[in-house]
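All residue numbers for the sequence shown refer to my numbering, where the first residue is 1 and numbers rise by one.
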Amino acid sequence: MQGVTRTILTGADLTTAEPLIGASLAERDRRALAALDGYRKTAAVEGGVAGAGGFWLALADFPALLVLKFKLLFDLSAIYGHEAERFEERLFILSLFQLAFSGADHRARVFAGIENWDGRAHPADFEHFDWRAYQQEYRDYIDLAKLAQMIPLVGAPIGAVVNWRLLERLGETAMNGYRMRWLAR
């Protein structure tokens with residue numbers, strides 16, 4: 001999980017638009033909702049196809065969905081005016097991911113870490129990032145839903161619905177995180 005995430009974080013900014021400058025929060029929200037709609041639809045199709053393909057194709061769903069999730073976060077970062085190639089922004093993106101896909105206790109710790117994000121210093125590398133907690137929280141959050149996707153005959157609709165909802169949760173969480181930063185300025 002650590003290797004896949006780090007690879008995605010390293011390459012996702014290559015296809016991300018430049019940060020949006022000078023737009024109002026309402027305009028940013030409108031663009032973010034449009035982007036989220038496209039990602040939800042793509043994730044639903046991908047989950048449906050993976051669910052219809054049985055166990056082996058469902059296994060391919062994990063990295064494909066992870067790429068979609070992080071690409072959405074990078075695009076939202078640009079929409080809200082942040083430069084995703086900056087390391088501290090990548091840490092913020094990881095924090096948003098954890099806020100969306102963690103248990104309540106871990107979410108509270110992560111939320112405390114993103115309050116006043118722009119007003120404090122951040123590490124320069126991943127040396128102090130807790131990859132174990134990141135992996136366990138994510139795994140525990142999505143296990144049951146994604147296991148149901150592997151059930152023959154019902155895997156396709158389950159995969160489509162689960163992926164739609166996972167992207168919706170991530171998008172709403174990220175939009176609220178970026179709104180929080182906007183309002184803190």
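The beta carbon of each residue, even a glycine, is placed where N, CA and C say it ideally should be.
| Check | Outcome |
| --- | --- |
| Unbroken alpha helix (DSSP H) run spanning GLU83, endpoints | GLU83 -> no alpha helix (DSSP H), and no H or E assigned at all. |
| Beta-carbon contacts of ALA100 that lie in its chain and below 7 angstroms, excluding the five residues immediately before and after | ARG169, LEU170 and THR173 |
| Backbone CA spacing between ALA112 and LEU94 [nearest angstrom] | 14 angstroms |
| ARG30 to ALA64 span [Cα, whole Å] | 26 angstroms |
| C-beta contact flag for ALA58 and MET150 at 9 angstroms | yes |
| Candidates GLY47, LEU91 and ARG28, of which the one nearest GLU127 by Cα | LEU91 |
| Residue interval of the alpha helix (DSSP H) (run including SER95) | 87 to 100 |
| Beta-carbon spacing of TRP164, LYS69 below 9 angstroms | no |
| TYR178 vs ARG86 beta-carbon contact at 9 angstroms | no |
| Alpha-carbon spacing of ASP75 relative to ILE114, whole angstroms | 19 angstroms |
| LEU9 versus LYS71 - alpha carbon distance | 9 angstroms |
| Closest Cα partner of ALA60 within the set ARG6, LEU147 and HIS82 | LEU147 |
| Endpoints, the alpha helix (DSSP H) within which LEU170 is located | 155 to 184 |
| Residue span of the alpha helix (DSSP H) that contains PHE111, given as start and end | 104 to 114 |
| ALA18 in three-state terms, based on DSSP | Checking the sequence, you will find Glu at residue 18 rather than Ala. GLU18 falls in the coil class under three-state DSSP. |
| GLY47 vs ALA160 beta-carbon contact at 9 angstroms | yes |
| Chain-order list of residues whose beta-carbon lies under 7 angstroms from that of VAL110 (same chain, five-residue window excluded) | SER95, GLN98, LEU99 and SER102 |
| C-beta contact flag for HIS106 and GLU83 at 9 angstroms | no |
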